[in-house]
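Enquirer: In the numbering used here, the protein residues as written are 13 to 613.
We treat Cβ as the ideally placed atom computed from N, Cα and C, and that holds for glycine.
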Amino acid sequence: MNAITIVIGSICILLIVYRLYGTFMAAKVLKLDDSKLTPAHKLEDGKDYVPTNKWVTFGHHFAAIAAAGPLVGPILAAQFGYLPGLLWLLIGAVVGGAVHDMVVLFASMRRDGKSLSEVAKEELGTVAGFCTGLAMLFIITITMAGLSLVVLSALERNPWGTFAVGITIPIAMGVGLYHKKTGNLKGATIVGFALIMAAIVFGPNIQGTAFGDLLTFEKSTLALILPIYAFFAAALPVWLLLAPRDYLSTFMKIGVFAALILGVFYVNPAVQFPAFTEFINGGGPIIAGPVWPFISITIACGAISGFHAFVGSGTTPKMINRWSDIKGVAFGAMLVECLVAIMALIAAVSLQPGDYFAINSTPEKYATLGMETVNLDKLSEEVGMDLEGRTGGAVTLAVGMTYIFTEIPIFEKLASYFYQFVILFEAVFILTAIDSGTRVSRYLIQDFLGDFIKPLKRTDSLPANIFASALACFIWGYLLFSGDISSIWALFGVSNQLMAAIGLIVGATVVLKIADKRWYMLTCLIPLAYLYVTVNVAGYWMITNVYLNAENAGYSVLNGILSIIMLILGFVIIIASITKWTQLWKIPQTILVERSKTEAS
């Protein structure tokens, strides 16, 4: 099979789904009405609640949700072959992810932009709200630390990458100030994007200079710098740093993958992987478990991701200008992210299997596979770096994309440049999720701890905002500084998909209350049923086979305890929701709909 067939088929499916299913969700299920004020207008404060152009909001939302998941997840899942990942991406995004993101954003806006824990408390009751808040604090902390570890690997002793990533901060602030003062989005966009591109082109020139030495950091130093940056991203007004930076980053993200799509059309690389590999029943060198449930755990963002619920009930609902913007911002961004993940999968499966496993396995594990490399030595020479044993997925994506781009004659001598550029691109991709995620952590801390410390709940209070931002950065910064990828990232897959299940639970409750037809609730219940079973099977497998198995290299009592706590929280929430649904089902639908109009904004 050739990659072009996968790309064309996927784009057609996603466009049809957006036009038909997205419109159905907007018009029939959620009944979006632009005559009503959004929370951004109703509670406008110039800091968090700011009515924002739909394209800027899309840029912020896409940049925030599209972190490491759509890049790294499909790369790692290629271990099972190209078909399991491709099917899960398309089915998961269409049936689950796009619906999840849309209903969570709507549910939050319906409650004046409150966090999902607050929404759960009002929709499902105090117990479910408390458990949701606790689960969200667990999950967002693990997520921020895990994402940051990927960035450390990309920027460690890399002055070009550090400069190019760091310069986006003052550029974004300048764009935010200019747009705030003039309202000229086009001019701000052109200047900001041109400056970022100039920084990327200029970046290689600083290597070997005194300035370059100043920007050459070890992991330990970067582990202190990242939380400090995230503190300012969380505490400053959203229009000054977070929104313009995410908006500008989106041009790079979409631009790179648009170029990759064009490259695939030009080169039309062959898919070197089989549909299924010998590891679908487990025992693989990258993912030890079987293809199910671990295909749906390994590929989160790109199909369905609980992290999106943090953004959809955090920053984005406070920025939406019109209710109808929800379709493009939430449903549309999820489908674009799905396409990004498909392109990452293509970049992986375009490599020879022997080369792929040599990069993603330790040398000891690779020696037991009985495989031989094909192009690895040549690729290593071209990019100027030893590629063997560079696990984690980020390097594989960079190598795969470089391989495709350098097949184009005019780029064939630029392998090292493309490789470093993609590493930089991945870092920017992830950092935009870190700053948004930290801001969401601030909201969660204020909502959750504000029940016990009343002044903390005031989002218009500068001391409260500073304290909550500092606490959020300290918690995940501590894990980042003291941990490693094996101690943190292993928890991410199960906890992230558990969060997605919680988002669908809240969404199903809201749909039951507002929809004219009760069967519309199936839009949330079908993906919820699959995801909840998958999460619990995967969690149980990890606890018994890895975390609490003293003979396994991943043995960790702490990880096992955290996993058990999160699964228990999920169980309590699902029981509370079923109880609530049973109560609501006894009420005539017409009465439920009328009541819903008065109980929320």
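How is T64 classed by DSSP in three states: helix, strand or coil?
Expert: Walking along the sequence shown from the start, residue 64 turns up at place 52. Strand.
Enquirer: Looking at the strands, I want to know which residues DSSP matches up with N217.
Expert: Taking the first residue of the sequence shown as position 1, residue 217 is located at position 205. Paired residues: none, contrary to the question.
Enquirer: Within its chain, find whatever has a CB closer than 7 Å to the CB of L399; leave out the 5 residues flanking it on each side and keep chain order.
Expert: Here the question's residue 399 lines up with position 387 in the sequence shown. If you ignore the 5 residues before and after L399, its C-beta comes within less than 7 Å of the C-beta of I371, L388, L391, S392, V407 and V411, all in its own chain and listed in chain order.
Enquirer: Look up N548 in the DSSP assignment and say whether it is helix, strand or coil.
Expert: By 1-based counting over the sequence shown, the position of residue 548 is 536. Helix at N548.
Enquirer: Can you find the residues in the same chain that come closer than 7 Å, C-beta to C-beta, to Y30, ignoring five residues on each side of it along the sequence?
Expert: Mapped onto the sequence shown, residue 30 falls at position 18. Once the five neighbours on either side are set aside, the close Cβ partners of Y30 are F343, G344 and L347.
Enquirer: Within this structure, are the beta carbons of V452 and G314 separated by less than 8 Å?
Expert: Start at 1 with the first residue of the sequence shown, and residue 452 comes out as number 440. Start at 1 with the first residue of the sequence shown, and residue 314 comes out as number 302. For V452 and G314, no; Cβs fall outside 8 Å.
Enquirer: Can you name, in chain order, every residue of its own chain whose Cβ lies under 6 Å from the Cβ of S481, other than the five neighbours on each side?
Expert: Within the sequence shown, numbered from 1, the residue matching residue 481 stands at position 469. Counting only Cβ-Cβ distances below 6 Å, and skipping sequence neighbours, we find F243, A246, A247 and R454.
Enquirer: Can you tell which of F583, T380, I273 and S232 has the C-alpha that lies nearest to the C-alpha of T144?
Expert: In the sequence shown, counting from the first residue as 1, residue 144 sits at position 132. Here the closest residue by C-alpha is F583.
Enquirer: Which residue wins for smallest C-alpha separation from T221, given the options G204, N170 and I237?
Expert: As a first step, residue 221 is located in the sequence shown; it is residue number 209 there, counting from the start. Closest by alpha carbon: N170.
Enquirer: First and last residue of the alpha helix (DSSP H) that includes Q364?
Expert: The residue labelled residue 364 in the question sits at position 352 within the sequence shown. Careful: Q364 lies outside any alpha helix (DSSP H) and carries neither H nor E.
Enquirer: By the three-class DSSP mapping on this structure, what secondary structure does I354 have?
Expert: Along the sequence shown, one-based indexing puts residue 354 at 342. Helix, per DSSP.
Enquirer: What three-state label does DSSP hand A282 in the structure shown?
Expert: Sequence index remark: in the sequence shown, residue 282 carries index 270 (1-based). The answer is strand: DSSP assigns A282 an E or B state.
Enquirer: Alpha carbon to alpha carbon, how far is P82 from C350? Give it in angstroms, no decimals.
Expert: Along the sequence shown, read from residue 1 onward, the residue named residue 350 stands at position 338. Along the sequence shown, read from residue 1 onward, the residue named residue 82 stands at position 70. Each residue's alpha carbon lies about 7 Å from the other.
Enquirer: Hey, quick one: how far does the alpha helix (DSSP H) through L238 stretch, first residue to last?
Expert: Stepping through the sequence shown from its first residue, residue 238 is reached at position 226. Per DSSP, L238 belongs to the alpha helix (DSSP H) from K231 to A247.
Enquirer: As a quick exercise: from V116, L55 and K54, pick the residue whose alpha carbon is nearest that of V518.
Expert: Looking up residue 518 in the sequence shown gives position 506. Minimum Cα distance to V518 is reached at V116.
Enquirer: What distance in whole Å lies between the Cβ atoms of P51 and P249, which are believed to be in contact at a cut-off of 8 Å?
Expert: To locate residue 249, count along the sequence shown from 1; it is residue 237. To locate residue 51, count along the sequence shown from 1; it is residue 39. No, P249 and P51 are not in contact; Cβ-Cβ is about 16 Å, not under 8 Å.
Enquirer: Out of curiosity, what's the CA-to-CA distance linking L8 and K598?
Expert: In the structure displayed, the chain extends from 13 to 613; residue 8 sits before or after that span and is not available.
Enquirer: Which class does I332 belong to by DSSP, given the choice of helix, strand or coil?
Expert: Indexing the sequence shown from 1 puts residue 332 at position 320. Correct three-state label for I332: strand.
Enquirer: Are the CB atoms of V506 and W251 within a distance shorter than 8 Å?
Expert: The sequence position of residue 251 within the sequence shown is 239, counting from 1. The sequence position of residue 506 within the sequence shown is 494, counting from 1. When the beta-carbon positions are compared, W251 and V506 stay at least 8 Å from each other.
Enquirer: Starting from S129, trace the alpha helix (DSSP H) in both directions and tell me its first and last residue.
Expert: Within the sequence shown, numbered from 1, the residue matching residue 129 stands at position 117. Unbroken alpha helix (DSSP H) run through S129: L128 to L136.
Enquirer: Take every Cβ of the segment 359 to 377, pair it with every Cβ of the segment 276 to 296, and state whether three or more of those distances are shorter than 8 Å.
Expert: yes
Enquirer: Of all the options L99, D472, A353 and W100, which has the alpha carbon lying nearest to the alpha carbon of L55?
Expert: Position 43 of the sequence shown, counted from the start, is the residue given in the question as residue 55. Residue D472 is the option with its Cα nearest to L55.
Enquirer: According to DSSP, is C143 helix, strand or coil?
Expert: Here residue 143 is taken as the residue at index 131 of the sequence shown, counted from 1. Of the three classes helix, strand and coil, the one that applies to C143 here is helix, per DSSP.
Enquirer: For Q595, count the other beta carbons within 10 Å of its own beta carbon; 16 or more makes it buried, fewer makes it exposed. Which is it?
Expert: What you label residue 595 is simply residue 583 of the sequence shown in a count that begins at 1. Q595 should be labelled exposed.
Enquirer: Tell me which residues share the same chain as Q458 and place their Cβ nearer than 7 Å to its Cβ, disregarding the 5 neighbours each side in the sequence.
Expert: Counted from its first residue, the sequence shown places residue 458 at position 446. Closer than 7 Å at the Cβ level, and outside the excluded window around Q458, lie L468, K469, T471, A476 and A480.
Enquirer: According to the Cβ coordinates, are T155 and P305 closer than 8 Å?
Expert: Along the sequence shown, read from residue 1 onward, the residue named residue 155 stands at position 143. Along the sequence shown, read from residue 1 onward, the residue named residue 305 stands at position 293. Their beta carbons are not under 8 Å apart, which means T155 does not touch P305 by this criterion.
Enquirer: Give me the Cβ distance between A147 and M578, rounded to the nearest whole Å; I'm assuming they're in contact under 8 Å.
Expert: Position 135 of the sequence shown, counted from the start, is the residue given in the question as residue 147. Position 566 of the sequence shown, counted from the start, is the residue given in the question as residue 578. Confirmed, about 6 Å.
Enquirer: From this set, V177, K193 and T138, which residue's C-alpha is nearest L234's C-alpha?
Expert: Residue numbering aside, residue 234 sits at position 222 when the sequence shown is read from its first letter. Checking every option, the nearest Cα to that of L234 belongs to V177.
Enquirer: Specify the secondary structure class of A508 as computed by DSSP and reduced to three states.
Expert: Residue numbering aside, residue 508 sits at position 496 when the sequence shown is read from its first letter. The displayed chain sequence assigns Asn, not Ala, to residue 508. N508 falls in the helix class under three-state DSSP.
Enquirer: Could you name the residues of the same chain whose beta carbon sits closer than 7 Å to that of I16, not counting the 5 residues immediately before and after it, in chain order?
Expert: The count along the sequence shown starts at 1 and reaches residue 16 at position 4. Excluding residues up to 5 positions away in sequence, V276, F277 and N280 lie with their Cβ nearer than 7 Å to the Cβ of I16 in the same chain.
Enquirer: If you follow the alpha helix (DSSP H) that G97 is part of, which residue opens it and which one closes it?
Expert: Your numbering for residue 97 matches position 85 in the sequence shown. From DSSP, the alpha helix (DSSP H) with G97 extends over Y94 to I103.
Enquirer: Please state whether the Cβ-Cβ distance between F437 and I77 is less than 8 Å.
Expert: On the sequence shown, residue 437 is found 425 positions in, with the first residue counted as 1. On the sequence shown, residue 77 is found 65 positions in, with the first residue counted as 1. No, the pair does not count as a contact, with Cβ atoms beyond the cut-off.
Enquirer: With C-beta atoms as the reference, is F118 less than 8 Å away from L42?
Expert: Numbered from 1 along the sequence shown, position 106 holds the residue referred to as residue 118. Numbered from 1 along the sequence shown, position 30 holds the residue referred to as residue 42. Cβ distance < 8 Å, so F118 and L42 count as in contact.
Enquirer: Run through DSSP, which three-state label would N293 get?
Expert: For the purposes of this step, residue 293 is identified with residue 281 of the sequence shown, where counting begins at 1. Coil.
Enquirer: On the criterion of 16 or more Cβ atoms from any shown chain inside 10 Å, does S127 qualify as buried, or is it exposed?
Expert: The residue given as residue 127 occupies position 115 in the sequence shown. Burial call: buried.
Enquirer: Grouping DSSP H, G and I as helix and E and B as strand, with all else coil, what is N614?
Expert: Outside the modelled stretch of the chain, which goes from 13 to 613, sits residue 614, for which no answer is possible.
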